[in-house]
Amino acid sequence: MTSRSPTSEKDEKAIEIEACLNQDPLDLWHLRELSLTRGGLLKGKLRQRAWMKLVGIQDDPSVGNSSDHRYKASVKAKLDRCEHQIKKLERKYASAKQDAGNSGSGSSTGTNNNRLELKEKDLIRRDVGRSVIFRFRSSADSDVGSVSNESETTPSGQSSKGENSSVAPIYASDLLAQVLEAAVAKPLSSGKEGKIHYYQGLHDIAAVILHNMDYDTQKSTQILRRICQSHLRDALRENFGNISWLLSILLMPLVEKVDPNVHYALACCDIDLSNLCLPWMITWFTHDIHNHAVAVRFIDAFIASHPMLPFYLSVAILTHPVLKRDILSVGEMGDPGVMFVTIKALTKSIVPDSAVEEDTRRTVPAQEIIEDAIAIMNRTPPRALLDLVTEESCPRREVLEKAATISMFKAPSSWSMTGLTFMAGRLEGDVVVPNNQTKDVRAKLASGVPCIMNTVQGAQTLCKSRTWGSRRHIFVKRRSIWDMYLRILFSKLGFYRKQITSS
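The numbering of the sequence shown is this note's numbering, which starts it at 7 and goes up by one.
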């Protein structure tokens with residue numbers, strides 16, 4: 007039996023993604039499944055259509071393939087460059103005028119609000135100057151190892167070289183500033199709860215989105231606002247109080263449930279794990295992971311899943327059979343500083359799904375981490391996390407009251423639950439034919455909704471199989487232990503044989 011080459015697998019998946027996107031009506035659950043399987047959405051041209059669908063924004067799939075559209079896009083890019091240079095000068099002029107007007111006597115409430123807005127805009131302009139978008143200035147940094155073995159022309163009709171050589175324009179920081187300012191300018195809803203506040207780290211997520219959307223500021227802003235409305239809502243409040251509480255009260259108990267040895271090593275070092283994992287949560291790992299192919303692979307998974315998936319993915323990184331070795335060895339030292347540096351360096355060992363593994367003992371494919379996170383979510387769904395909190399650490403009533411204010415624990419957005427008919431089955435006339443219960447398994451388990459997760463048949467058995475996530479490392483370890491016992495047994499038999507023959 008011959009195994010398929012990585013190139014043929016990618017080509018087949020690209021065809022499947024194209025077919026799913028062209029389907030009417032769209033099978034959103036299958037598109038989520040494709041986002042969560044090996045390779046994710048593969049390339050930028052597919053992501054430009056798929057991300058819009060995944061966040062519930064309707065888009066015309068025929069627009070991006072016409073030569074007329076490409077010509078208009080190139081002209082628009084040139085006009086955008088001129089427009090942003092003008093806006094840059096206007097912002098400097100407005101800022102200087104505002105400073106001159108406020109240099110006198112006391113200010114009113116409106117002036118304080120203007121100062122706050124100017125402060126946020128100034129922070130955005132400074133952040134985009136040090137954004138991850140500058141990693142895309144070199145074509146060698148874009149999707150390294152992700153599609154290097156593809157043919158010249160992919161099934162989607164795009165040149166594979168063109169896909170890999172997408173380089174950030176010199177005015178990319180201006181485009182990024184425009185996306186961020188437009189995303190946080192308008193409240194998500196009426197009232198105080200609808201107000202959103204920019205934070206440092208949002209620019210890294212926006213940079214990856216903007217780069218993969220081919221620097222289309224309008225679509226990038228639409229996607230970012232939808233994500234801010236659902237997945238990042240808690241991070242966009244006045245402070246990170248909700249996320250910090252969630253990490254401080256739930257992270258260590260979940261680590262203990264998944265791997266008591268890692269929990270013991272962390273407890274010996276007395277490290278504040280919540281502060282260490284907070285940047286992972288609010289930046290979706292885009293700041294710490296410098297490999298663009300891995301960062302965008304995680305965003306594929308996060309957009310297609312429950313808002314709590316980054317939380318579970320943090321636990322999956324800490325408890326992965328390969329990555330946890332450093333944690334266990336440092337735990338014996340009991341040094342908090344060394345443990346902090348060790349955990350921060352774990353993300354450097356995560357490689358793209360299609361990368362050639364030079365040392366399987368040190369590198370981990372992104373797909374393994376994602377599947378481990380889904381398995382942990384299946385074992386302990388988001389609402390069941392609250393049951394891990396003991397009465398001694400936090401009273402039950404306080405836990406429930408605090409959880410009610412956290413958006414990640416609330417019901418998913420309506421647009422994220424569309425396509426339930428496809429989840430239940432397919433339409434044949436006016437009759438719904440039930441689907442196979444093993445279809446779109448990852449999408450259902452990553453939804454975080456118990457009534458959907460329960461539709462997967464044999465989920466526990468599947469998540470413990472040899473082909474799921476990091477389970478292959480466990481089976482290899484068990485096999486090596488068994489081989490050791492066999493070697494000892496055969497050596498004993500050989501010793502006794504020599505004794506018998508000599509006597």
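Beta carbons are placed, not taken as given, at the ideal position from N, Cα and C, and that holds for glycine. It should be emphasised that the depicted structure is a prediction, and the values quoted were computed from it without experimental measurement.
In this structure, how does DSSP classify Pro418 when only helix, strand and coil are distinguished?
Coil.
Leaving out five residues before and five after Asp240 in sequence, what residues of the same chain have Cβ atoms less than 7 Å from its Cβ?
Correct list, in chain order: Asn248, Ile249, Ile412, Ser413 and Met414.
Out of Arg243, Phe346, Asp133 and Ala452, which has the shortest C-alpha to C-alpha gap to Glu199?
Comparing Cα-Cα distances from Glu199 to each of Arg243, Phe346, Asp133 and Ala452, the minimum goes to Arg243.
Would you verify that the beta carbon of Val264 is, or is not, closer than 8 Å to some beta carbon of chain B?
No chain B appears in the structure shown, which is made up of a single protein chain.
Would you decide whether Leu406 is buried or exposed? Buried here means 16 or more other CB atoms lie within 10 Å of its CB.
Exposed.
For a test of your reading of the model: does the CB of Asn28 fall under 7 Å from any non-hydrogen atom of the ligand GDP? Yes or no.
Among the ligands in the structure shown, none appear at all, so the ligand GDP cannot be discussed.
Judging by CA-CA distance, which residue of His203, Arg331, Asn218 and Glu39 is the nearest neighbour of Arg53?
Here the closest residue by C-alpha is Asn218.
Pick helix, strand or coil for Val455, following the three-state DSSP scheme.
Coil at Val455, not helix or strand.
Which same chain residues end up closer than 8 Å to Cys26 when comparing Cβ atoms and leaving out the 5 residues on each side of it in sequence?
Correct list, in chain order: Leu32, Asp33, His36, Leu37 and Leu40.
Per DSSP, what are the beta-bridge partners of Val370 in this structure?
DSSP lists Ile356 as partners of Val370.
Can you give me the start and stop residues for the alpha helix (DSSP H) that Met258 sits inside?
Gly247 to Val264 is the extent of the alpha helix (DSSP H) around Met258.
Using only the alpha-carbon positions, how far apart do Ile382 and Tyr221 sit?
Whole-angstrom Cα-Cα distance: 35 Å.
Can you check which of these residues, Val462, Ile458, Leu272 and Thr289, is closest to Ile233 by C-alpha distance?
If we check each option's Cα against that of Ile233, Thr289 comes out closest.
In chain order, what residues of the same chain lie with their CB nearer than 6 Å to the CB of Ile229, ignoring the 5 residues before and after it?
These residues qualify, in order along the chain: Trp57, Val61 and Ile215.
Please return the same chain residues whose Cβ sits closer than 7 Å to the Cβ of Glu15, not counting the five positions on each side in sequence.
No residues qualify anywhere along the chain.
For Glu338, which three-state DSSP category applies?
Three-state DSSP puts Glu338 in coil, outside helix and strand.
Let me make sure I understand the geometry here. Which of Gln184, Lys125 and Leu124 has the alpha-carbon closest to that of Val134?
Per the Cα distances, Gln184.
Could you check what DSSP says for Phe346 in three-state terms: helix, strand or coil?
Phe346 falls in the helix class under three-state DSSP.
Rounded to the nearest angstrom, what separates Val395 and Pro259 at their Cα positions?
Spanning the two alpha carbons is a distance of roughly 7 Å.
Does the Cβ of Asn245 have 16 or more other Cβ atoms within 10 Å, making it buried, or fewer, making it exposed?
Asn245 comes out exposed.
I need the DSSP call for Tyr204, collapsed to helix, strand or coil.
If DSSP states are grouped into helix, strand and coil, Tyr204 belongs with coil.
Between the alpha carbons of Val328 and Ala351, how many angstroms are there, rounded?
Going from the Cα of Val328 to the Cα of Ala351 covers about 13 Å.
Report all residues from its chain with a CB closer than 8 Å to the CB of Ala465; omit the five preceding and five following residues, and keep chain order.
Around Ala465: Asn384, Val447, Leu451 and Met459.
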